[in-house]
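>
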Amino acid sequence: MSERLEDIALAMVADGKGILAADESSGTIKKRFDAIGVTSTEEARRDYRELLFRSDEAMTKHISGVILYDETIRQKAADGTPLVDLIRKAGAVPGINVDAGAKPLAGFPGDTITEGLDGLRERLADYYKLGARFAKWRAVIDINEDENVPSATSIDANCHALARYAALCQEAGIVPIVEPEVLMDGSHDIETCFEITKATLLQLYAELYAANVVLEGTILKPNMVVPGKKSGTSASPEEVAEMTIKLFRETVPVAVPGIAFLSGGQSDEEATANLNAMNAMGPHPWKLTFSYGRALQAAPQKAWGGKKENVAAAQAAFTHRARMNGLAALGQWKPELEKTA
Ligand code: 13P
64 MSERLEDIAL
74 AMVADGKGIL
84 AADESSGTIK
94 KRFDAIGVTS
104 TEEARRDYRE
114 LLFRSDEAMT
124 KHISGVILYD
134 ETIRQKAADG
144 TPLVDLIRKA
154 GAVPGINVDA
164 GAKPLAGFPG
174 DTITEGLDGL
184 RERLADYYKL
194 GARFAKWRAV
204 IDINEDENVP
214 SATSIDANCH
224 ALARYAALCQ
234 EAGIVPIVEP
244 EVLMDGSHDI
254 ETCFEITKAT
264 LLQLYAELYA
274 ANVVLEGTIL
284 KPNMVVPGKK
294 SGTSASPEEV
304 AEMTIKLFRE
314 TVPVAVPGIA
324 FLSGGQSDEE
334 ATANLNAMNA
344 MGPHPWKLTF
354 SYGRALQAAP
364 QKAWGGKKEN
374 VAAAQAAFTH
384 RARMNGLAAL
394 GQWKPELEKT
404 A
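In terms of the working numbering, the sequence shown opens at residue 64 and continues consecutively.
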């Protein structure tokens with residue numbers, strides 16, 4: 064495969080394919096395993112991720128890349144094959160989560176700043192040797208209008224960190240996924256989500272420009288424009304698509320090859336329907352696809368439950384969601400197709 068940043072980025076958003084976010088930190092994967100009654104040991108985490116990466120149909124037809132956590136990029140399958148090799152053999156690009164998590168931003172209660180820049184140049188060189196050709200860094204922007212969250216300081220600091228991370232990635236031959244996630248947990252309406260995400264993306268592209276980041280060698284991983292979960296309102300896929308596309312047209316340069324959404328707590332089918340509605344409105348200047356964690360993995364986790372005899376059922380559940388989202392990336396998904404599982 065080509066090692067040019069532009070070519071790697073294009074491969075990550077190839078037609079009908081998207082990214083599997085399997086980079087849950089040790090704390091997050093423990094929460095996911097607790098929910099299905101599985102103890103989070105190193106072996107259980109390996110077995111679970113191995114079953115995903117060995118889902119041949121999903122991986123070869125619908126998955127362009129996999130975001131890994133530090134432990135997983137160093138792990139071997141039960142038969143001794145490095146997990147990275149399983150991903151490469153399926154024709155997908157291995158990637159790595161390199162941020163050190165969102166920490167409270169001093170002086171701004173309720174805001175966070177994502178850490179992890181110290182020593183990043185050396186860690187990226189190590190991850191490149193381990194096979195990573197793209198990386199991910201997630202900034203977290205919460206919305207709480209009563210508490211003046213997010214502050215402008217938090218948006219500025221997080222976008223500055225994203226730009227420094229992106230420049231270091233490109234220096235190392237690694238495509239940066241830049242992820243400024245505006246959370247959908249709050250009680251805000253859809254217009255507020257639009258305004259906060261707009262302020263964030265405008266600042267992000269100003270910082271990427273100032274940092275000499277080559278946009279053709281980046282992928283944006285944003286939230287969709289949706290009302291907060293506690294707002295008591297919901298929005299149709301058509302409304303979400305219209306607002307989200309309007310926002311991107313105002314903020315995301317056409318030099319960016321692709322936009323790969325996070326699912327952020329949407330239900331599996333909502334995440335698929337919303338992505339599909341956006342692509343049905345196309346053509347757009349950028350590819351629009353998925354980089355889902357929960358919306359790809361909730362179904363296989365439930366089907367697996369930590370039992371060997373459920374591996375095939377878990378792979379079938381993962382393959383179904385990957386296929387549905389692959390169709391949504393082309394604007395060809397229909398609700399009836401969900402019943403073919
Ligand atoms: P979700 O799709 O579960 O939001 O996870 C995607 C991700 O990688 C968040 O950083």
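C-beta: ideal position from N, C-alpha, C; glycine also.
If you're wondering where the values come from, they're calculated on a predicted model, not measured in any experiment.
In its own chain, which residues sit with a C-beta less than 6 angstroms from the C-beta of ILE322, not counting the 5 before and 5 after it?
LEU283, TRP349 and LEU351
> Less than 7 angstroms between the CB of ALA84 and some heavy atom of the ligand 13P, yes or no?
yes
> Under 8 angstroms, with one C-beta from each stretch per pair, do the segment 98-112 and the segment 131-139 reach the 3-pair mark?
yes
> Check each candidate in GLY236, ALA340, THR177 and ALA153 and name the one with the smallest Cα separation from GLU301.
ALA340
> For the structure I just gave you, are there three or more beta carbon pairs, one from the segment 182-201 and one from the segment 90-102, closer than 8 angstroms?
no
> By the three-class DSSP mapping on this structure, what secondary structure does LEU68 have?
helix
> Identify the residues that DSSP records as bridge partners of PHE324: which are they?
PHE353
> Give the secondary structure of GLU302 by DSSP, where H, G and I count as helix, E and B as strand, and everything else as coil.
helix
> Helix, strand or coil: which one does DSSP assign to THR104?
coil
> Taking the alpha helix (DSSP H) that GLY389 falls in, what are its first and last residues?
374-391
> Pull up the CB-CB distance for GLY295 and ASN342, whole angstroms please, since I reckon it's below 8 angstroms.
The pair is not a contact, with the Cβ atoms about 29 angstroms apart (cut-off 8 angstroms).
> Report the rounded CA-to-CA distance for ASP205 versus GLY328, giving the unit in angstroms.
14 angstroms
> DSSP on ASN286, reduced to helix/strand/coil?
coil
> Quick check on MET247: buried or exposed, where buried means 16 or more other Cβ atoms within 10 Å of its Cβ?
buried
> Suppose you measure from the CA of GLU208 to the CA of SER214; what does that come to, to the nearest Å?
10 angstroms
> Just how far apart, CA to CA, sit LEU400 and LEU390?
10 angstroms
> Considering only heavy atoms of the ligand 13P, does any lie closer than 7 angstroms to the CB of SER326?
yes
> Which parts of the segment 179-231 are runs of the beta strand (DSSP E), unbroken and 3 residues or longer, counting only runs that do not cross its ends?
197-204
> So, is ASN211 buried or exposed, given that buried needs 16 or more other C-beta atoms within 10 angstroms?
exposed
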